[in-house]
Amino acid sequence: MQNETDDAQQRTERLSRTGRTIRVAVALVITGLMIVGNQWGEDDHFPFGPFKMYSSTDPLNKPVPDTRVEAVNAEGERFRLTMANTGFRRAEVEGQIPRLKTNPELLESLADAYHRRRPTRPKLVRIDVVIRWWQLDGARATGEYTEETEVTWTAAEADR
Amino acid sequence: MTGVDLTHRAGSAVVKWFTEPVPKGRIAAFRTVVYLFVVADLTYFTTWIRDHVDVPGSLYQPLFIGRVLPLPVPTPGLVTAIFWTLLVTSLLAATGRFPRLLGWTVFALYFEWMIIAMSYGKVDHDRIAFLVALAVLPTLGRSRHGDRTLTEAGGWALRLVQIAVIATYFLAAWAKLRYAGIDWLTGATLTRAVLRRGTWFSNWTVEVPGLLIFAQFAIVAFELFSPVIFFVKPRWRYWLVAYFYGFHLVTYLALTIAFWPHLAAMLCFLPLERIRPVAWLLSQLDRERAPSDRGPTPSPAPAEP
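Protein chains in written order, with the working numbering: chain A, 992 to 1151; chain B, 123 to 427.
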């Protein structure tokens, strides 16, 4: 540690006039981009998209969605596809549901991911993306639910 | 005083604020912490990014920036190569050597790493300030740990990170208004969050009438007022930073969500140059060795860092 007396002679490295101007301009541009992105941008404009964490709101008793991906293998076993056995996050499945609905064959990629991670396991023949809607009453789960299968993919006969 | 004079004065006050000098030792400390966090992020905090190694390219949905820049569709080879190069370069960068070369390399690799992370259907909002930190550090030259020389360039860099940290709060309140409107305050967002991700720490809160609504008002108030940190004395500034960390601690206990990279970037508000673990350790070792040496050894300044 240095002495307090050093304070008196503390040196300052100053910026040149140009250096200062450029830096202030950059700071203003970055701040401006964050503000513009926040008001008019979307997640797609990362890193200048909106800070929309927990920014939506729902009526208190609207059912709470719980998304899962289920697979059936050639031996008829039914189980869940998770981040652990595919490398694909649940939130990513949720984010791509609209795209998966129009292109169900994309789920085959999820089967490929699973086979890469579990090369010795039996082939997958079917994948379902299911949303379980938990019913609420007075902001509390009633234990009742309804389920909707959003997308289904089945392997072509030749691949089985 | 004329109007022109006033404008000029206000202008130079703003410029001064943007480039308020800080000790170079603070830059050195922040640099080490930021680059070590990259290592921690790769290996501990955000390990799911590396899991994308097995996900076929057809599920890759490049972000706007990934469509504008000619970035390749991630392959297992690419993901693995970025992971290891980033790991090694950020470890090297943490030593403070070749700050520009290593700094820009780490920034470019980490940015691509983020684009890969966010291009499969989910974008996270926990690391804008951290990205800004990685972008501004390479603009600064070599800084020694413990150096008390003041630097305006360094002050600007830390200021920009601070702005990004506070923008994360302030603009989050704004986004709530944009997406949910004023109804957000009295809505069920926190209730539903606790129902989905609650813990022993938070599950009881849904039973208490009005508590989570009150919490929603408190959150928005805190987010909207967060910029006051730029207008208060250092003592209050540190209390506010402590409050911010406290907010994230409570969020973590309640919902197991933590904005780790944001928390690392927020250290830019603190006088990090005063904490010198390596120098302290060396001086302790020195003291232990000293009695047996018996020489009139003038104790040298602690070595780097």
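Just so it is clear, CB atoms sit at the ideal spot from N, CA and C, and this is done for glycine as well.
Chain A has a Cβ within less than 8 Å of the Cβ of Val137 (chain B). The three-state reading of DSSP puts Arg300 (chain B) in helix, counting H, G and I together.
DSSP lists A:Val1060 as the beta-bridge partner residues of Leu1072 (chain A).
By the neighbour-count criterion, in which a residue is buried when 16 or more other Cβ atoms sit within 10 angstroms of its Cβ, Tyr182 (chain B) is buried. Membership of Glu345 (chain B) in the alpha helix (DSSP H) is indicated by the continuous run Leu333 to Phe347. Listed along chain B, the residues sitting closer than 9 Å to Gly1086 (chain A) by beta-carbon distance are Gln183, Tyr242, Gly243, Lys244 and Val245. Three or more beta-carbon pairs separated by less than 8 Å are not found between the region 190-201 of chain B and the region 289-306 of chain B, which leaves the two stretches without contact. Counting only runs of 4 or more residues that sit fully inside the region 376-415 of chain B, the alpha helix (DSSP H) segments are 382-387 and 399-415, in chain order.
Annotation for Tyr157 (chain B): the continuous alpha helix (DSSP H) segment containing it runs Lys146 to Ala162. Within chain A, Thr1003, Glu1004, Arg1005, Leu1006, Gly1010, Arg1011 and Arg1014 have C-beta atoms less than 9 Å from the C-beta of Glu274 (chain B), given in sequence order.
The continuous alpha helix (DSSP H) containing Ala230 (chain B) extends over residues Pro221 to Met240. Selection B:Ala215, B:Thr227 and B:Ala380 evaluated against Ser265 (chain B) yields B:Ala215 as nearest (Cα-Cα).
One finds nothing in chain A with a Cβ atom closer than 8 Å to the Cβ of Thr202 (chain B); even the nearest lies about 13 Å away. Taking 7 Å as the cut-off between beta carbons, the residues of the region 287-314 of chain B near chain A are Ala289, Thr290, Leu293, Ala294, Trp296, Ala297, Lys298, Arg300, Tyr301, Ala302, Asp305, Trp306, Gly309, Ala310, Thr311, Thr313 and Arg314, in sequence order.
Ala386 (chain B) places its beta carbon 8 Å or farther from that of His370 (chain B). The shortest CA-to-CA distance from Arg1109 (chain A) to any of A:Pro1095, A:Thr1077, A:Asp1128 and A:Val1084 is the one to A:Thr1077.
Neighbours of Leu1051 (chain A) across chain B, judged by C-beta separation under 7 Å: Ala310 and Thr313.
Counted as a single uninterrupted DSSP element, the stretch harbouring Asp1049 (chain A) is not any beta strand (DSSP E), since DSSP gives it neither H nor E.
With fewer than 16 other Cβ atoms from the protein chains shown falling within 10 Å of its own Cβ, Trp206 (chain B) counts as exposed.
Between Trp1144 (chain A) and Leu1098 (chain A), the C-beta gap is smaller than 8 Å, which places the two residues in contact.
In chain B, no part has a C-beta under 7 Å from the C-beta of Glu1139 (chain A); the shortest such distance is about 18 Å.
With contacts defined as CB atoms closer than 8 Å, Leu1006 (chain A) and Ala275 (chain B) qualify as a contacting pair.
Around Ala1132 (chain A), the beta-carbon contacts reaching into chain B at under 7 Å are Leu317. Of the candidates B:His174, B:His267, B:Gln284 and B:Val201, B:Gln284 places its Cα closest to the Cα of Trp139 (chain B).
Taken in chain order, the members of the region 1019-1033 of chain A whose beta-carbon sits within less than 8 Å of a beta-carbon on chain B are Ile1021, Thr1022, Met1025, Ile1026, Asn1029 and Gln1030. Non-local C-beta neighbours of Leu262 (chain B) in its own chain, meaning closer than 7 Å and more than five positions away in sequence, comprise Ile149, Pro221, Ala275, Gly276 and Ala279, ordered along the chain. Taking a cut-off of 8 Å for Cβ pairs, the region 1048-1064 of chain A and the region 1115-1122 of chain A touch, as three or more such pairs fall below it. Using beta-carbon distances, Arg1107 (chain A) counts as an interface residue toward chain B, with a partner under 8 Å. Of B:His174, B:Leu272, B:Pro383 and B:Ala230, the smallest CA-CA separation from Ala257 (chain B) is found for B:Ala230. Annotation for Ile187 (chain B): the continuous alpha helix (DSSP H) segment containing it runs Phe186 to Val190.
Chain-ordered listing is empty here: chain A has no CB closer than 7 Å to the CB of Ile397 (chain B), the nearest sitting near 12 Å. For Gln1030 (chain A), the uninterrupted alpha helix (DSSP H) segment begins and ends at Arg1008 to Trp1031. For Tyr1045 (chain A), the C-beta contacts it makes with chain B under 7 Å involve Thr311 and Ala315, in order along the chain. One Cα belongs to Leu362 (chain B), the other to Val330 (chain B), and the distance between them is close to 28 Å. Between Ala255 (chain B) and Cys390 (chain B), the C-beta gap is smaller than 8 Å, which places the two residues in contact.
Taking 8 Å as the CB threshold, Arg222 (chain B) stays off the interface with chain A.
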